[in-house]
Every structure is written in structure tokens, then in C-alpha cells.
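Encoded as C-alpha cells, the structure appears first; notes follow it.
In C-alpha cells, the structure reads:
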């Protein structure tokens, strides 16, 4: 724990902007067993208030209400009773409350992420009806109000609007991964949120706060966790992921690039470098060993993805980011130069299949978008060769990404390889497909070929407003 | 509405005595799916606090807890999912709450009636355990602490103790019928609670308050409801029951007899008399007509009981109580005398089957304990004849009572007929059977032959601490 860093983070804790939002139609009358659906017209993160009264005889029994919150239309009324996936059922945004006395104005104490609210009178006396007099939410975000639109076509502007909304919903006291789940600061998500933020809300103090939260909760050896809890106190999760820790370095380098805040960059530089040093110890003969452990290196939520070569690529990519930062801070580091050189050469030797002209990963020599995109971003081949790699990828049976997170890096890889049009197609086709489905915010997971996929065992615990999917707002402004 | 009466009731609103109570063993550790049962050692009415913390990794998902309250051992763990009786499921003392952040000290806002609390971790992350650090309740009652024991034998003293506890649990801001359900002031219950109170806690102002609540919420014609709500404001229920309205008169007469409070008696006398006058209009040729309507006249929860002759008997009984009060207040009433005479003669003529030597009721000439006991209490025959009636009842297939409420009037009838020993047997055998089952408080319903009976469709909504069952405390002190 670095208390000085945590103190800085605390001082940077933002105020939240609050806004009262209402569904179109608020007044409803319910008898026992009846339900009412309220559509708030957009995705909101906040606190619900319902104003209830009674009609008929005096209420002579408690009213048992279920209140369910849905981010997207597809979720409405789904029977979640038997959900038993590996992510806890406790994430379902469903409440069961007793109202002993009407009239009652009830503000639920928990925060929810939703567009739709379904209220059902599960049980009540037949001697009266329940009147929903009013229903509204106090929506909260730490994002400033306005962002000028981006995109050249109407479609791109629509995509951008959804991306910006996604980002703003996830901007709370920290950059959260998703306001429904997990509602906390994850490193991989932070890096992409920060990039989108620099070109939209420019709430750079929130990025700074988050960097200090990670830095302040590093363990005594300097290991940075994949995720930090900030309540009831700041605490690192005991989940460490190879790529997420490394991306701290890239996030610090980005921060300096976009803000020029040299004091912060200097303060965080040693930890950024430390992530490279710590990760370097995991290599054997300059090649990262493979692992079966779920989550040892994230890359993507595709459960069939082999991570080995991707991990090596992320390492090189982040080492290069730190090298650039070191140069700007006038702290050249020969060790870093050698790491980049050795790992890059080894990467080509170990993972580049020159017959196929593609990078392969793991003992089964798996071909995936994730690994090839990351290798292009790592720049172990020339730009022209990268373009060919990415082109060849399209004509083989490669493991595809399932998250907007990995689609972002794929788009970035295309841009780095000079294929801007293809990157733009990704934005229009991948994120655009979510827009076509009526998304108000972009999803945690979206596989256009399998829209019902979930790595958690069932869709109902998926998050349909997820920070790492906000990057069209960045890509459109940065490159187009 | 009589605002003067309601103002008096308001001024008499008691303070509640609070006591912190704990189960023997408080500390428990739960993983997802596990549960812990807490036994508070006695029945309590109050508010639960649980002090929770976490063990293991940082809590990375909400904890979904179910908290269920049980009055008796038989209820524990009963699956109530499919309960669909005509009394609302919302009465089940079951909560489902999310705990977003540990540690957390949670005081549930609702009041419960319970001895046992079952807490289950319905869903939570597998990365940590839930620690129940502490659990306690703030028990509330408006009954003063101590009452000297009554009863000659150990068994009777045990029965008395349970009866006194039952009464004290139901003494809150009003005399409630049951602290689990319906948690409010019913007239039939009030009359028996008041009798038990006069010889135990002597909290006579609480009786006075309740009488003024009924008097103050009478409708413009003077009709007194079976039940009064006091929250959010004083309001009569739109349930009127022939016998309950009449028993207001008896309750006022009792109040004067035990307190000598002549000012209150004078103020309430006109309404007491009014109940007799209003009920008199329902007669045809001095005989009350029969009705199929559930609850038109309560008498007992036996759904097969015909109420006709019982209603006539209650009328005579209450008219006599008012006559006695009128005499004490020096307000003799010839109309009342004639009512008693006419209705008594008509009762014998219409309902006494001289061949059987028993009272019968309804077109099917049903023989029941309820009707015969009430006819004895109404005193339409001589004391000796009453003793014979009650004796004959034992050797025929008569409809039996299912509530302690009706057993009370049966015991009173036996005493009125000079059969004190038989009344004492009722206390020892009927209430004693509940004591044998380990009752901490006496039940709303108890049929020794069918202990699982419920007029509501299922036992889980029964109330196991019910005011009208507290009368052994009265009978033992008054008659033995």
C-alpha cells in the first residue's frame, strides 16, 4: 500500500452529476399478480423512487412487490429462477420488498443500471389495488454533460452517441467496467475508457485518480492487481492478470501523452517500468510459457482462445509504451531496449508460422484474431507484413473475438497496419450491429454470430453497458 | 368519525418497552447456499439486527440473503414457494436482501414475530465466506414487566406463563390480534385481551385507548367496525361482524366493572347501547335470520359452523351486559329489558330442541359447541338446565371449536353453568396440549384432533401468538 498515492486518489474523487429521469407513462394501477413495465427511454445508472398509494378498502396486508431492472429489451421478463452460472446470481438486478403501509414513497437504497423497470404485485390483499402514482430515477455520472458528436455518416454518429453514452454511464467515482456488473475499476477497461475520455469528456483527473488507485494498492513487490475495490476501503483484488498488469504501463504512457502531466508521469514511471520487469521474470528463453489457468492472461472472453502468443505480444507492446515514456522523461533504459529486441525476435521465431504467414499460439498452434492483432500491435514484423497477416487472417478459420474489448485492439491493429478502411468497417459492422439491435449502450459481450453467448453460463448476468466497448468514440475522433 | 374520541385515544398511546434479546449462539460462517438457524429461546416481537463481515478474498459480488422468521419449530424450513391460500402470501415473514458491501450492520426496517430466524446465503461469490458476527433483536411491548404467577399445579403455572407471554407480545401501541398477522386491533380479540389484562398487567389505559379507537371510528349511524387501522391514520375497516360489533358493548361494561372509570363509561354508554339497537333491526319476529356470508358473525374459525343461533345468543349476552352497565350508571332502559325478554323467549322457541335437550342452528339444525356455549352464556335457560345442555353436548357429534377464542367462551359457559372443574379441564387439556407441543405463546388456531388445520389454505400464514388465546391468564385468576 502506498498511502501517499491513495491520498492523491482520494483528493481526486469526483462529484457526481445527478439528473431526475422518468419513464413516459408513470401512473399505473395493479391488483395482486399484475405487473407494469416502465421504459425510461435510455440507459441510466442510478437510484429508483416509487410513489405508491392504495385504492379501494384500507390495505389489510403487506404488499409484496418484485422490482426488476433490465438494461435491454431482450432481458424483460426472462425467468431467472433457475440461473446457476458461475457468476453469482446476486448480480441479478431483482428486488423483493414488502410495503407494510400505503401510501409510501420508496427510494431503493441500491444503485441499478437499467432502461426498463418491471414492477409486479407478487402478493397483496384483494381488498384494494396498488396505485403507482409516480416513478422516477436519480441518474448519476461523473461525466460532464456535453460532447460534440463525431463520425461522418449518420450511422457513425449514431454509433458514436452510443459509445459516448456507454462511457458516461461507466464514469462514476471511478471508471467502472459496467454499472450493472462488476461496478468497479478493472485495468483493461480503464485503459480503453481513458483513451475514449481523452478525446471526449476530458475528465483527466478521473483517469489520474484511477492510476493512483492501482499504483497505491500495488503489493510490496510492485505487482499491480487486475482490479481495485474502493469501498469500504481501497483494496486490490487478489486477481492478477498478466496482460492487465502490463497495461498499467501503457495507461500511464497514454496519460502523459494526452495530458502532458509530467509530475504524475514521473511519479508513476517506476511502477510502470516495474510491471515490465515483473512480467519479464515469467519468460523462459525469451518465450512466455503457456498456461491453462482461466484468466492468467485475459485478452478476450472467448473461452477457447489460447493466450500464449498474445501474452508475449502484450508484453512487447507495453514495453514499447514504457520505452516511449522513458524517452520523454529523459530516462533511457538499455534493459528495456534489450527486452523489446529479445522478446520480439523470440516472438517471430516461436509463434510466426512462415508457411501460413500467421502467428500461432499454444501447443495446438491455434490461429486467432486476438494473437495476430496483438502481434501486429507489438510491431514484431513490418507494417506491410502486418497488413498481410491481418489480410490472411480473414481467409482462414481463425478464433474470433467475442468482446468489444478485443475488437478494439483488432481495429487498432488494422489502423497500425495502414488498413484504416477495414478498421472503419469494424466500427460500422461490429458496433453497428449492436446499434441495429437497438442498443442504448454497447455490450460487454457481443458475438454477431452467437448473440446469446455468455461465458458466465447465462445471458442474464451479462452486462449490457460495458466500458471496454466505448472505443468507437476514441477511434472515430482519433483516426477518422 | 368522532374526533374527540380519537384525540383521547391518541393521548393514551403508550410508550413501548424495549429489550435487546439474543440467540444462544450468534457467530456463524456461511458459504453460498449454506444457512444458519438462530433460536432466540422465546417468542419475541421486534426488530432484527445482523452484523455481517467477510472472510477470505475481498467480496466481489453482492451477497443475496434470505431471512425467514418462524414463531414455532414446526414452521422451520417449510417450503412456502407454492403457498396460494386466500390470505395474502405477503404475510409470510420472509425477506430477500442484497448486501452490496461487507462489513455491514443491518437492521431490517420491518417488525417481525418470531422465536427462530433462518438466514441463508442464497447467492454470493465463492471467493469469500459470510461471517454472521452478531445477531440480536430489539423486542418491543407496551406490557409492564412483571406479573405474579397464577395456577395451582406446575402445569397450570406453565400454561399461565404462556398465556401472559401471549398477551404481552400482542400489547403494542394497541392490543393487536397477533404480532405476525394481522397486527391490528380486532374487537373480538380486544374483549378477551382486556379481560386478561385487568387481572395481570392492569394496563387499563391501553384498553381505554382501544375502546376510544373503536368508538371514534364508528360510522355516522353508530356502526362499530370489527377492526380498526391506526396507521397511517385511524380508520375503521369496512368489515362489520354482527357479534364483534355487539361485543363492544360487553367490552365497555367489562371496562367499567374492572376500573370503575365512570367518566369513560358514561361517554361510551350511548354507543354501547347503540350496538344493541342497531343489531335489533336485523331480527325478524325476534329471531335472527341465517346467513351464508363468511364472517357475517364470527363465533369461531370453524368453516362448517352455522352461526344463526350463536348470533342470537351473543345478542342476548351483550344486551344483558349493557343492562348491567345501564343500571350502574343509573340509566335503566325498558326497551333493553324487553329486548332481552323477547329474544330469550324466541331463542328457546326457535333453537332449543327439547327432544335432544340441545340448541340447534340453521336449517340443517346443526349442533355445535359454539351455539350451545353461547346460549348458556346468554342465560336463556336456568343454570341447572345449562349444565345439562353442556353435559349432553359431550355425548353427541357436535361441531367442535377450532380456536382458543371459542374455547374461552366454552370454558366461561361451563363456569356459568357451575361446572368449574370441567372448565379447568379445558384449560389443562386444550391449552395444555399446546404447552405440551412446546408453545411459547398460544396459537390463533388449534384443533387437537387436526393440528395442521388452517382456514386460510395453509398453515404457514397461521399466527402462533394470538391474543384471543391468552385467557387462561384470566380464567385461572378469576375463577380458581
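Residue numbers (our numbering), protein chains in the order written: chain A, 528 to 1007; chain B, 528 to 1007.
All C-beta atoms in this analysis are idealised placements derived from N, C-alpha and C, irrespective of residue type, glycine included.
Next item on the list: With distances taken Cα to Cα, identify the nearest neighbour of residue 528 of chain B among B:865, B:685, B:798 and B:713.
Entry: Counting from 1 along the second chain, the entry for residue 528 of chain B is found at position 1. Ranking the options by Cα distance to residue 528 of chain B, first place goes to B:798.
Next item on the list: Give every residue of the same chain whose Cβ lies closer than 6 Å to the Cβ of residue 924 of chain B, excluding the five residues on either side of it in the sequence, and list them in chain order.
Entry: Within the second chain, numbered from 1, the residue matching residue 924 of chain B stands at position 397. So no residue of the chain qualifies.
Next item on the list: Quick one: which unbroken beta strand (DSSP E) runs of 3-plus residues sit fully inside the stretch 701 to 757 of chain B? Chain order, please.
Entry: DSSP runs (the beta strand (DSSP E)) wholly in the stretch 701 to 757 of chain B: 754 to 756.
Checklist line | Whole-angstrom C-beta distance between residue 940 of chain A and residue 878 of chain A, which should lie under 8 Å | finding: In the first chain, counting from the first residue as 1, residue 878 of chain A sits at position 351. In the first chain, counting from the first residue as 1, residue 940 of chain A sits at position 413. In this structure, residue 878 of chain A and residue 940 of chain A do not form a Cβ contact; the two beta carbons are roughly 15 Å apart against a cut-off of 8 Å.
Margin query: Does the distance between the C-beta of residue 584 of chain A and the nearest non-hydrogen atom of the ligand FAD fall short of 7 Å?
Written below: With respect to the ligand FAD, the structure shown offers nothing to examine, as it has no ligands at all.
Notebook entry, point to check: When the Cα atoms are used, what is the spatial distance from residue 551 of chain B to residue 968 of chain B?
Noted result: Locating residue 551 of chain B in the second chain gives position 24, counting from the first residue. Locating residue 968 of chain B in the second chain gives position 441, counting from the first residue. The straight-line gap from Cα to Cα measures roughly 20 Å.
Next item on the list: Have a look at residue 863 of chain A and residue 576 of chain B and give me their C-alpha separation to the nearest angstrom.
Entry: Sequence index remark: in the first chain, residue 863 of chain A carries index 336 (1-based). Sequence index remark: in the second chain, residue 576 of chain B carries index 49 (1-based). For residue 863 of chain A and residue 576 of chain B, the distance between alpha carbons rounds to 57 Å.
Notebook entry, point to check: Does DSSP put residue 582 of chain B in a helix, in a strand, or in coil?
Noted result: Start at 1 with the first residue of the second chain, and residue 582 of chain B comes out as number 55. Annotated three-state conformation of residue 582 of chain B is strand, per DSSP.
Item checked: Presumed contact (8 Å Cβ cut-off) between residue 770 of chain A and residue 932 of chain A, rounded CB distance -> Position 243 of the first chain, counted from the start, is the residue given in the question as residue 770 of chain A. Position 405 of the first chain, counted from the start, is the residue given in the question as residue 932 of chain A. Incorrect: roughly 11 Å between the Cβ atoms, too far for contact.
Notebook entry, point to check: For chain A, is any of its Cβ atoms less than 8 Å away from the one on residue 756 of chain B?
Noted result: Locating residue 756 of chain B in the second chain gives position 229, where the first residue counts as 1. Yes, its Cβ sits closer than 8 Å to a Cβ of chain A.
Notebook entry, point to check: Counting Cβ pairs closer than 8 Å, one from the stretch 756 to 770 of chain A and one from the stretch 554 to 562 of chain A, do we hit at least three?
Noted result: Contact between the stretch 756 to 770 of chain A and the stretch 554 to 562 of chain A is absent, because fewer than three Cβ pairs lie under 8 Å.
Check: Is the stretch 729 to 749 of chain A touching the stretch 782 to 797 of chain A in the sense that three or more CB pairs, one from each, lie closer than 8 Å?
Finding: The stretch 729 to 749 of chain A and the stretch 782 to 797 of chain A touch, with three or more beta-carbon pairs separated by less than 8 Å.
Notebook entry, point to check: What three-state label does DSSP hand residue 562 of chain A in the structure shown?
Noted result: Here residue 562 of chain A refers to the residue found at position 35 when the first chain is read from its first residue. Residue 562 of chain A: strand per DSSP, three-state reduction.
Next item on the list: Please determine, among A:613, A:943 and A:870, the residue with the shortest C-alpha to C-alpha distance to residue 808 of chain A.
Entry: For the purposes of this step, residue 808 of chain A is taken as residue 281 along the first chain, with counting starting at 1. Checking every option, the nearest Cα to that of residue 808 of chain A belongs to A:870.
Notebook entry, point to check: Along the stretch 571 to 596 of chain B, what residues have a CB closer than 7 Å to any CB found in chain A?
Noted result: Along the stretch 571 to 596 of chain B, going in chain order, the ones with a CB nearer than 7 Å to a CB of chain A are 584, 585, 587, 588, 589, 590 and 591.
Next item on the list: Could you please tell me which residues of the stretch 613 to 624 of chain A, in chain order, have their CB closer than 9 Å to any CB of chain B?
Entry: Within the stretch 613 to 624 of chain A, 613, 614, 615, 616, 617, 618, 619, 621, 622, 623 and 624 place their CB atoms closer than 9 Å to a CB of chain B, listed in sequence order.
Next item on the list: Determine the DSSP secondary structure at residue 970 of chain B, reduced to helix, strand or coil.
Entry: Here residue 970 of chain B refers to the residue found at position 443 of the second chain. Reduced to three states, the DSSP call for residue 970 of chain B is coil.
Checklist line | Proximity winner among B:880, B:908, B:852 and B:896, relative to residue 872 of chain B (alpha-carbon distances) | finding: On the second chain, residue 872 of chain B is found 345 positions in, with the first residue counted as 1. For residue 872 of chain B, the closest alpha carbon among the candidates B:880, B:908, B:852 and B:896 is that of B:908.
Margin query: Taking only three categories from DSSP, how would you classify residue 682 of chain A?
Written below: Against the first chain, residue 682 of chain A aligns to sequence position 155. In the structure shown, residue 682 of chain A sits in a helix (DSSP, three-state: H, G or I).
Next item on the list: Hey, could you find the ends of the alpha helix (DSSP H) residue 845 of chain A is sitting in?
Entry: Here the question's residue 845 of chain A lines up with position 318 in the first chain. That run of the alpha helix (DSSP H) goes 835 to 855.
Item checked: Three-state class that DSSP yields for residue 596 of chain A in the structure shown -> Start at 1 with the first residue of the first chain, and residue 596 of chain A comes out as number 69. Residue 596 of chain A falls in the strand class under three-state DSSP.
Check: Under a CB-based cut-off of 8 Å, is residue 664 of chain B close to chain A?
Finding: Residue 664 of chain B sits at position 137 when you count from the first residue of the second chain. Taking Cβ atoms only, chain A never reaches closer than 8 Å to residue 664 of chain B, which makes this a no.
Notebook entry, point to check: At what residue ranges does the stretch 628 to 705 of chain B contain a whole run of the beta strand (DSSP E), taking only runs of 3 or more?
Noted result: Unbroken beta strand (DSSP E) runs of no fewer than 3 residues, entirely contained in the stretch 628 to 705 of chain B, are found at 631 to 634, 639 to 650 and 655 to 668, following chain order.
Notebook entry, point to check: Leaving out the 5 sequence neighbours to the left and right, which residues in its chain are closer than 7 Å to residue 859 of chain B when beta-carbon positions are compared?
Noted result: Taking the second chain and counting its residues from 1, one reaches residue 859 of chain B at position 332. Counting only Cβ-Cβ distances below 7 Å, and skipping sequence neighbours, we find 853.
Next item on the list: Under 7 Å between beta-carbons, which chain C residues line up against residue 764 of chain B? List them in chain order, please.
Entry: No chain C is present in this structure, whose protein chains are A and B.
Next item on the list: Report yes or no: do the stretch 566 to 580 of chain B and the stretch 623 to 637 of chain B share at least 3 C-beta pairs separated by less than 8 Å?
Entry: Between the stretch 566 to 580 of chain B and the stretch 623 to 637 of chain B there are three or more C-beta pairs closer than 8 Å, enough to call the two in contact.
Next item on the list: Pull up the DSSP beta-bridge partners for residue 886 of chain A, would you.
Entry: Position 359 of the first chain, counted from the first residue, corresponds to residue 886 of chain A. Residue pairing by DSSP places residue 886 of chain A opposite A:879 in a beta bridge.
Check: In chain B, what lies closer than 8 Å to residue 981 of chain A by C-beta?
Finding: By 1-based counting over the first chain, the position of residue 981 of chain A is 454. Neighbours of residue 981 of chain A on chain B: none; closest Cβ ~16 Å, over 8 Å.
Margin query: Suppose contacts are defined by Cβ-Cβ distances below 8 Å. Is residue 572 of chain B in contact with residue 668 of chain B by that definition?
Written below: Residue numbering aside, residue 572 of chain B sits at position 45 when the second chain is read from its first letter. Residue numbering aside, residue 668 of chain B sits at position 141 when the second chain is read from its first letter. Yes.
Checklist line | Cα-Cα separation, residue 912 of chain A to residue 936 of chain A | finding: Locating residue 912 of chain A in the first chain gives position 385, counting from the first residue. Locating residue 936 of chain A in the first chain gives position 409, counting from the first residue. Going by the C-alpha atoms only, they are around 18 Å apart.
Item checked: Beta-bridge partners of residue 625 of chain A, as assigned by DSSP -> Here residue 625 of chain A is taken as the residue at index 98 of the first chain, counted from 1. According to DSSP, residue 625 of chain A bridges with A:591.
Check: Under a three-way DSSP split, which group does residue 569 of chain B fall into?
Finding: What you label residue 569 of chain B is simply residue 42 of the second chain in a count that begins at 1. Note: residue 569 of chain B maps to strand in three-state DSSP.
Notebook entry, point to check: CB residue 661 of chain A to CB residue 786 of chain A, shorter than 8 Å?
Noted result: The residue given as residue 661 of chain A occupies position 134 in the first chain. The residue given as residue 786 of chain A occupies position 259 in the first chain. For residue 661 of chain A and residue 786 of chain A, no; Cβs fall outside 8 Å.
Next item on the list: Taking residue 841 of chain A and residue 773 of chain A to be in contact with their CB atoms under 8 Å, please state how far apart those CB atoms are, rounded to whole angstroms.
Entry: Residue numbering aside, residue 841 of chain A sits at position 314 when the first chain is read from its first letter. Residue numbering aside, residue 773 of chain A sits at position 246 when the first chain is read from its first letter. Correct: roughly 5 Å between the Cβ atoms.
Notebook entry, point to check: With contact counted as at least three CB pairs below 8 Å, one residue from each stretch, are the stretch 953 to 965 of chain A and the stretch 646 to 656 of chain A in contact?
Noted result: No, they do not touch.
Check: At what residues does the alpha helix (DSSP H) containing residue 545 of chain B begin and finish?
Finding: Translated into positions along the second chain, residue 545 of chain B becomes position 18. Here residue 545 of chain B belongs to no alpha helix (DSSP H); instead the beta strand (DSSP E) covers 544 to 548.
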